[in-house]
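Chemist: First residue of the sequence shown? That's 2 in my numbering, and the numbers climb one at a time after it.
C-beta: ideal position from N, C-alpha, C; glycine also.
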Amino acid sequence: MPFAIQTACWLRPTNLASNIPNINADITQMYMALSAVVTNAAEATEGRGRIIIKTVSKKIEEGFTKYRPGLKPGHYVCLMVQDDGAGMDVKTRRKIFEPFFTSKFQGRGLGMAAVYGIVKNHGGWISVDSQLGKGL
2 MPFAIQTACW
12 LRPTNLASNI
22 PNINADITQM
32 YMALSAVVTN
42 AAEATEGRGR
52 IIIKTVSKKI
62 EEGFTKYRPG
72 LKPGHYVCLM
82 VQDDGAGMDV
92 KTRRKIFEPF
102 FTSKFQGRGL
112 GMAAVYGIVK
122 NHGGWISVDS
132 QLGKGL
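1) Just to confirm, is the Cβ distance from M113 to F98 under 7 Å?
2) Answer yes or no: do A26 and V57 have a C-beta to C-beta separation smaller than 7 Å?
3) For the segment 120-136 against the segment 81-94, are there 3 or more C-beta pairs whose distance is under 8 Å?
4) Three or more beta-carbon pairs under 8 Å between the segment 36-46 and the segment 113-132, yes or no?
5) Determine the DSSP secondary structure at Y77, reduced to helix, strand or coil.
6) Of the residues A45, N122, M33 and I21, which one's Cα is nearest the Cα of Q83?
7) Hey, how far is the Cα of K60 from the Cα of R49?
8) Is V129 closer than 7 Å to R95 when the C-beta atoms are compared?
9) Rounded to whole angstroms, what's the CA-CA distance from N122 to M31? Just pull it up for me.
10) Name, in chain order, the residues that DSSP records as bridge partners for L17.
11) Going by DSSP in three states, F4 sits in which element: helix, strand or coil?
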């Protein structure tokens, strides 16, 4: 399912696992979520970076779900998007999924909040692992 990213960058889907099971999901919502995350990554690289998409099939244990409300133990498909942008500080990481939060001069700040809602509505969990000054 191709999609356009207006910012020029290298999208390298080189780490897609071959053993990923099918998932029961709304294709339109998944497309919107992935588009928003990749667009966010493209903006973080300011059009001069790399984006890597990885997939893995993972068994989530009870201990992992303990501090992640709504997540149940079981087998999951994990999708990771990495970029070599400047990274995020702690304040930005804590607010990234809040509606109307944006670190950009212009923008509505709905993209990552919508992604959060889509993932949660599909019984999933989403997180951000980033440090200021570090990409990939």
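Modeler: Considering the structure as presented:
1) If you number the sequence shown from 1, residue 113 lands on position 112. If you number the sequence shown from 1, residue 98 lands on position 97. Against a cut-off of 7 Å, the Cβ pair of F98 and M113 comes out as a contact.
2) Mapped onto the sequence shown, residue 26 falls at position 25. Mapped onto the sequence shown, residue 57 falls at position 56. Taking C-beta atoms as the reference points, A26 and V57 fail to come closer than 7 Å.
3) Contact annotation: the segment 120-136 touches the segment 81-94, with at least three C-beta pairs closer than 8 Å.
4) The segment 36-46, when compared against the segment 113-132, does touch it at the 8 Å Cβ threshold.
5) Start at 1 with the first residue of the sequence shown, and residue 77 comes out as number 76. Strand at Y77.
6) The residue you call residue 83 lines up with position 82 of the sequence shown. Answer by Cα proximity: A45.
7) Residue numbering aside, residue 60 sits at position 59 when the sequence shown is read from its first letter. Residue numbering aside, residue 49 sits at position 48 when the sequence shown is read from its first letter. Within the model, the alpha-carbon separation for K60 versus R49 is close to 35 Å.
8) By one-based count along the sequence shown, residue 95 stands at place 94. By one-based count along the sequence shown, residue 129 stands at place 128. Note that the C-beta distance between R95 and V129 is not below 7 Å.
9) Residue numbering aside, residue 122 sits at position 121 when the sequence shown is read from its first letter. Residue numbering aside, residue 31 sits at position 30 when the sequence shown is read from its first letter. Roughly 11 Å separates the two Cα atoms.
10) Indexing the sequence shown from 1 puts residue 17 at position 16. According to DSSP, L17 bridges with T56.
11) Reading the sequence shown from its first residue, position 3 is the one you call residue 4. Summary for F4: the model assigns pLDDT 43, below 50, so the residue's position carries little reliability; its value from the coordinates is reported in the next sentence. Secondary structure of F4 (DSSP, three-state): coil.
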